[in-house]
Each structure stands twice: as C-alpha cells, then as structure tokens.
Amino acid sequence: MGRVGFTTTIPVEVLLAAGQEPVDLNNLFIGANHPQQMADQAEEAGYPRTTCGWIKGLYTAALTTEIDSVIAVMHGDCSNTQALMETLELQGMDMIPFAFPYDRDPQGLRASLYKLMDRFGVSEAEVEREKKRLDEIRRLCWIWDDLTWKSDQVSSFENHLKLVSTSDFEGNPDRFAVEMDKLIMEARQRQPESGKVRLAYIGVPPIFTDLYQVLESMGARVVFNEVQRQFSMPYQTENMVDQYICYTYPYGAFARLADIKAQVEQRQVQGIIHYTQTFCYRQIEDLIFRQKLGLPLLTLEGDKPGKVDARSRLRLEAFINMLG
Amino acid sequence: MIGIDLGSRQVKLIQMQKGTVSRREMRDTIGFYRQYGRMHDGQLQIDLEEAGWSGDEVIATGYGKMAVSITGARQIPEIQAHALGAVFQSQRQSFTLVDIGGQDSKVILVRDGKVADFITNDRCAASSGRYLENMAAVLDISLEELSRYDQDPAEINATCAIFGETELVARIVEGCALPQLAAGVNYALYHRLAPLLKRMDSDLLVLSGGVALNKALADILARETGRQVLRLPDPQYNGAIGCCVFGGI
Numbered sequence: 003m004g005r006v007g008f009t010t011t012i013p014v015e016v017l018l019a020a021g022q023e024p025v026d027l028n029n030l031f032i033g034a035n036h037p038q039q040m041a042d043q044a045e046e047a048g049y050p051r052t053t054c055g056w057i058k059g060l061y062t063a064a065l066t067t068e069i070d071s072v073i074a075v076m077h078g079d080c081s082n083t084q085a086l087m088e089t090l091e092l093q094g095m096d097m098i099p100f101a102f103p104y105d106r107d108p109q110g111l112r113a114s115l116y117k118l119m120d121r122f123g124v125s126e127a128e129v130e131r132e133k134k135r136l137d138e139i140r141r142l143c144w145i146w147d148d149l150t151w152k153s154d155q156v157s158s159f160e161n162h163l164k165l166v167s168t169s170d171f172e173g174n175p176d177r178f179a180v181e182m183d184k185l186i187m188e189a190r191q192r193q194p195e196s197g198k199v200r201l202a203y204i205g206v207p208p209i210f211t212d213l214y215q216v217l218e219s220m221g222a223r224v225v226f227n228e229v230q231r232q233f234s235m236p237y238q239t240e241n242m243v244d245q246y247i248c249y250t251y252p253y254g255a256f257a258r259l260a261d262i263k264a265q266v267e268q269r270q271v272q273g274i275i276h277y278t279q280t281f282c283y284r285q286i287e288d289l290i291f292r293q294k295l296g297l298p299l300l301t302l303e304g305d306k307p308g309k310v311d312a313r314s315r316l317r318l319e320a321f322i323n324m325l326g
Numbered sequence: 016m017i018g019i020d021l022g023s024r025q026v027k028l029i030q031m032q033k034g035t036v037s038r039r040e041m042r043d044t045i046g047f048y049r050q051y052g053r054m055h056d057g058q059l060q061i062d063l064e065e066a067g068w069s070g071d072e073v074i075a076t077g078y079g080k081m082a083v084s085i086t087g088a089r090q091i092p093e094i095q096a097h098a099l100g101a102v103f104q105s106q107r108q109s110f111t112l113v114d115i116g117g118q119d120s121k122v123i124l125v126r127d128g129k130v131a132d133f134i135t136n137d138r139c140a141a142s143s144g145r146y147l148e149n150m151a152a153v154l155d156i157s158l159e160e161l162s163r164y165d166q167d168p169a170e171i172n173a174t175c176a177i178f179g180e181t182e183l184v185a186r187i188v189e190g191c192a193l194p195q196l197a198a199g200v201n202y203a204l205y206h207r208l209a210p211l212l213k214r215m216d217s218d219l220l221v222l223s224g225g226v227a228l229n230k231a232l233a234d235i236l237a238r239e240t241g242r243q244v245l246r247l248p249d250p251q252y253n254g255a256i257g258c259c260v261f262g263g264i
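Residue numbers (the working numbering), protein chains in the order written: chain A, 3 to 326; chain B, 16 to 264.
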C-alpha cells in the first residue's frame, strides 16, 4: 500500500478505493513536534518570509515524510499552491494537480474526479462504494458535532480536532471509526459545559496550537468550526459529485456564507472569530463576512505556528468580555 | 480607588476619591517592572506597596496584564477600561474612541456607555506614538512642534516606525520644507486611521492615549471626517481612570 499526500481536502474516496493511505499534509505539519522548524526549513530553502506559514509547513512536510506523490489542489483552496507544487516538483516529487470548479458546476467537478480516478486506476463503482462506507463514519462526526453545540458535552478543541481529521481519517478510516465510537460513548456521560459565551470559528484551521484552550479559559466555547465541519461532508448525498458540490469550502466566500449564516443562527452563536492567515488572500474576503453576517466579528490573524501571542490574547479577551 | 494601566511603554497610576483624581504617576514600564517586580510561579508579580501605592482597592488593566500580576488587584480587559474612562471623562455615552498609545492603536465603538465593537492594530507598531517620536527625531523637532502642522502636507505613505524614516529622508532630499514634512507625518497617521474610523463611525470622535496631545491630528480628523472631535483632558491616564470607574468611584 502506498501513501499519497494532499494539500487540502480532496475526494479521499479515490485514494481509499485505490488502496492508498491518505495523508493530509496540513495535519502532518501542525501535528509535528516542532512545526515552527518546518516553516523555517522552507525559508532556508528560499521561501519568502512574507508567505503563508501553512504553505511553508506543507513544503517541508511533503519532503520529510515517506510519500509516493502529492495531490495539489490548484483551485478551490490557496493561491500559493501552484508555486508549492512547482517547488516540490523541483525536488523530484511526483505531483498530481486537482481542481474544484470555480463556478461549482457538477460537470466540471465530474471531469476533475474522473481524471483523478484515471490517475489511480479506479472505477466510479469502486469509488462510490468507498463513499457509502465513509458515509457511516462521517455520520459519527456529525454526532460529535451535535454533542458540541446541542448538548455542550464536547469541547471546542475536541470538536476541531476530530472534524479536521476527516480530511484523511488519520490515515485509517476503520480505526478512526472505532475511536469515534468510544469517544462518543464517553462524551455522552459528561456534564454539559453550559453558560459560556457561544462563538463560531470561521476560516481555515488556526496555525495557533492553543487557540481553543485559550478561548475556553476565557469563558467561551466554540460551538461551530466552519471549515473543519465542512471537511466532514455534513450532507446526506447520493453520490460523489453531489457530495463535493454540497461541500462549500472550495467555492468562494458566498458559497461559505450561506452555510455560515444558517449554522450560526441554528447554534445560537453570539460572536464570530474570523481567522485568516498572514499574507493570505482571504484577508480581503474578511470584508464580505463583516458586511453580510450581522454578528460581532473579530478578525484574528496568525502567521507562524505556536501559542497565541499576547496581543491576540488581549483582543480575544476584550471580544469575549464584550459579548458576555 | 487605585487604577493602574500597564502600558507597553508607560505604567500609569491614578488614585481617585469621590470622583476626582487625588494622585497620579507615570513610570517607564521596563524600569517599573525591574524595580518592583519579582518572579513568582513563572509570573511577574508587582508589589504596589513597595512602589508607594497602597491603602486602597486596586483595579489593573493594560498590555502587561497577561504576563504580570499585581498583588491584591482585580484585572479588567483594557478595551473595557478605556471605554469606561472615556465615558467618565467626556460625559458622553455614544462615540468612537480613538486611543493611540506608545505601541498600539485601538478604535472602540461606544454605544450607551458600553463597548459595541472595536478594532486594534494587531501586528506592528505602525501609526503609533513610536512612529511620531521617530519621525520627530528624524526632523530634529519636539513632539510639541510636530503637532503644530496640518497644512500642505508632503506625501508620506509609510507609517512603519522604521521605514517611515527612509521615506522622510527622501522627502527632505527632494527639498520639502519642515512644515510640509511635519504635516505629512500627521497626515500619514490619519490615512492609517481612516479605514478603521469608517468601520466604527460616530458623530463624535474622542481621542485618548499620548497621541491625543497632537493637536494637528485632531484638526485633520475634524476636517477630513466632518465629525466633532474631542480630546480627553487626561488622555494618557484614561485607561487607569477607567479602572477606577470600574471599581466604583
């Protein structure tokens, strides 16, 4: 069995149908013992200091782990991925481009999917069979999410961690499912953590390693992790194309906005943290969310991996204090 | 009631009795920490008694409060402290507070006496008091003199406290006169604030922090925004006053 890395959530069913182990390079990077050193290594290789910390981390993660190839999502994620792909190619890495269609067109998505299936030599029937299997595991993640916002039994960080892991199911969906079953049983026995300020976290997952713990220590709970939840494909769908069309993240701010609006209302969110990465084009999209969401919104910016810095803590504290 | 604002560059201490300030003191932050701070359980602990401030309830706020603890003090977030101080000093309930200190700036929307929204600079000290100090030093004039000029500004874009210097030197070489250069510096600060003020708009702009002493900036703000501008009587002590207000004066 080979291992295939990728730069953001891709139709993982294709890799599983081909008997490949999926490796989300983001999780590998931020879960490493010294993620900051990985970003530094990319800078030593020539990546500009004024570039996204995630991209730098992915570069080093791809080069320092045993993988056969990397799927680079050229459209629907990050505007730096093309250069990431090219610089990895320069190092002799086998690169496979994948693109979500900008206009969310099912035909365009089908074409991308077929190209990927061809590359791994799997049929549509095999891939759809994997989807059915993963549907059951993803359902466990939806329960996990419900236990976060409906009954306040799962913490902000636990919600983030398990949902963000659904991009690669930690490399082994069956093992992941067994663990989720156990965690759900255990969480259902807990006392609810109610009475805290209810926050939504929107944007890419944070590069800060202790953000959720910091928020909880300040008397707040994140009851909605937008993009992480999207990774768990929270939709009942019949087939692969439907599923990856419902998935909002690759299709721009407005596709995401509809999902965010519905969820913050349902989950009785009091305030929103919009996280953006330093040097990321998504900082521009901040103005769209500010204008359209109609709830207090704090824009939080992170650059390098590590603990939440003193100024950000100060701003978070003031924001929670204002909402409380 | 004693209010203490642990700023990034100055520690401000205020004592209030029956709604009036009875004592005030401003100390250099690093010197203050060195002199009165002791490490205790990995945290810097300040002994106020040793610093000559005791015998009253203490409320603290400020940039240093995450890492610094003051024996016997209650701590409040600085956004809240600044809003409370400005409501008390201005005797107004709804306004936009522009607080520009030594290393940071905050724009706080106050409605009915409470914080409704806020923005802070989050990454660097551009367009802070330090910027003005550096620019005044390059021009070889005092901060007081710098704050006299708001007409016919030279074009200065950088508000970075370091790169601003390079730009200013380039303008000097081009032959710009001192009044234009000084006005350009003040305008650069305004341009940095303008988008924040648009997001936090009110009919009244209240200025606090050391930069509120800059009359040129106040005049530029009034002229460019068409809003009423009020400089607080005690701008640098506003956070410390807010602490006292929180404690009940």
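Cβ coordinates follow ideal geometry from the N, Cα and C atoms, glycine included.
Inter-residue spacing [alpha-carbon to alpha-carbon] between G254(B) and P168(B): G254(B) and P168(B): Cα-Cα distance of roughly 32 Å.
Under 7 Å between C-beta atoms of G265(A) and V166(A): For the record, residue 265(A) in the displayed sequence is Gln; it is not Gly. A distance of 7 Å or more separates the beta carbons of Q265(A) and V166(A).
Distance, D120(A) Cα to E126(A) Cα: Near 10 Å, if we compare the C-alpha coordinates of D120(A) and E126(A).
Length at least 3, wholly inside the segment 34-90 of chain B: the beta strand (DSSP E) runs in chain order: Listed in chain order, the complete beta strand (DSSP E) runs (minimum 3 residues) inside the segment 34-90 of chain B are 35-43, 52-55, 58-61, 73-76, 83-85, 88-90.
Limits of the beta strand (DSSP E) - the one that I274(A) falls within: Looking at the DSSP string, the run of the beta strand (DSSP E) that includes I274(A) is 273-279.
Own chain partners of D42(B) with C-beta closer than 6 Å, once the 5 adjacent residues on each side are dropped: Correcting the residue type first, residue 42(B) is Arg in the shown sequence and not Asp. So the list reads V26, once near-sequence residues are dropped.
Close Cβ partners of D70(A) (< 7 Å) along its chain, the five nearest in sequence each way excluded: Correct list, in chain order: G4, R5, V6, D96.
Completely contained alpha helix (DSSP H) runs for the segment 135-216 of chain B, where each covers 4 or more residues: DSSP runs (the alpha helix (DSSP H)) wholly in the segment 135-216 of chain B: 144-154, 158-161, 178-189, 193-214.
Cβ neighbour criterion (16 or more within 10 Å) applied to S81(A): Exposed, by the Cβ-count rule.
Beta strand (DSSP E) segment containing M124(B), residue limits: As written in the sequence, residue 124(B) is Leu, which differs from the Met given in the question. Run containing L124(B): 120-126, per the beta strand (DSSP E) assignment.
Chain A contacts from the segment 229-251 of chain B (Cβ-Cβ distance under 8 Å): If the cut-off is 8 Å between Cβ atoms, the segment 229-251 of chain B has nothing near chain A.
CB contact check: T135(B) to chain A, cutoff 7 Å: At least one chain A Cβ lies under 7 Å of T135(B).
Meets three-Cβ-pair contact criterion under 8 Å: the segment 94-107 of chain B and the segment 217-228 of chain B: Contact holds: three or more Cβ-Cβ distances are below 8 Å.
4 or more residues per run - each alpha helix (DSSP H) lying fully within the segment 151-192 of chain A: DSSP runs (the alpha helix (DSSP H)) wholly in the segment 151-192 of chain A: 158-166, 175-189.
Chain A residues whose Cβ lies nearer than 8 Å to that of P210(B): What P210(B) touches in chain A: nothing, since even the nearest Cβ is about 10 Å away.
Cβ of E319(A) within 7 Å of any chain B Cβ: Contact with chain B is found for E319(A), since one of that chain's Cβ atoms lies less than 7 Å from the residue's Cβ.
Residue span of the alpha helix (DSSP H) that contains T89(A), given as start and end: In the DSSP assignment, T89(A) falls within the unbroken alpha helix (DSSP H) covering 83-92.
Within 7 Å, strictly: CB atoms of R77(B) and E93(B): Here residue 77(B) turns out to be Gly, not Arg, going by the sequence shown. Yes; because the gap between Cβ atoms is below 7 Å, this pair is in contact.
Whether G268(B) touches R24(B) by CB criterion (7 Å): This structure cannot settle anything about residue 268(B), because the visible part of chain B is limited to 16 through 264.
Environment of D127(B) [buried if 16+ CB atoms lie within 10 Å]: By the beta-carbon neighbour count (other beta carbons within 10 angstroms, threshold 16), D127(B) is exposed.
Nearest candidate by alpha-carbon position, reference G262(B), set S143(B), Q30(B), I85(B): For the residues S143(B), Q30(B), I85(B), the minimum Cα distance to G262(B) belongs to Q30(B).
Within-7 Å CB hit, M324(A) to chain B: Yes, contact with chain B.
Proximal residues, the segment 176-191 of chain B versus chain A, C-beta separation under 7 Å: Result list empty, no residue passes.
Bounding residues of the beta strand (DSSP E) (the contiguous stretch that carries V221(B)): In this chain, the beta strand (DSSP E) harbouring V221(B) covers 219-223.
Residues in the segment 94-119 of chain B having any Cβ partner in chain A nearer than 7 Å: Within the segment 94-119 of chain B, the qualifying residues are I94, Q95.
Local conformation of Q265(A) per DSSP, three classes: Three-state DSSP puts Q265(A) in a helix.
Cβ pair T111(B), S217(B) closer than 7 Å: At a Cβ-Cβ threshold of 7 Å, T111(B) and S217(B) count as neighbours.
Endpoints, beta strand (DSSP E) assigned at D1(A): A query on residue 1(A) cannot be resolved here, the shown segment of chain A reaching from 3 to 326 and no further.
The alpha helix (DSSP H) enclosing M242(A), as first and last residue numbers: Element bounds for M242(A): 242-248.
Sufficient close CB pairs (3 or more, under 8 Å) joining the segment 190-210 of chain B to the segment 149-166 of chain B: Enough Cβ pairs lie closer than 8 Å, so yes.
Separation of T211(A) from E160(A), as counted between CA atoms: The straight-line gap from Cα to Cα measures roughly 13 Å.
Interface residues of the segment 282-300 of chain A facing chain B [CB-CB below 7 Å]: Using a CB distance below 7 Å, the part of the segment 282-300 of chain A facing chain B consists of P298, ordered along the chain.
Segment limits, alpha helix (DSSP H) that includes K230(B): Residues 230-240.
Minimum Cβ-Cβ distance from P168(B) to chain E less than 7 Å: In the structure shown, chain E cannot be found, because the protein chains are A and B.
C-beta atoms of Y249(A) and Q238(A) nearer than 7 Å: Taking 7 Å as the cut-off, the beta carbon of Y249(A) is found no closer than this to the beta carbon of Q238(A).
Cβ-based burial, D148(A) [other Cβ within 10 Å; buried from 16]: Around the beta carbon of D148(A), a 10 Å sphere encloses fewer than 16 other beta carbons of the protein chains shown; the residue is thus reported as exposed.
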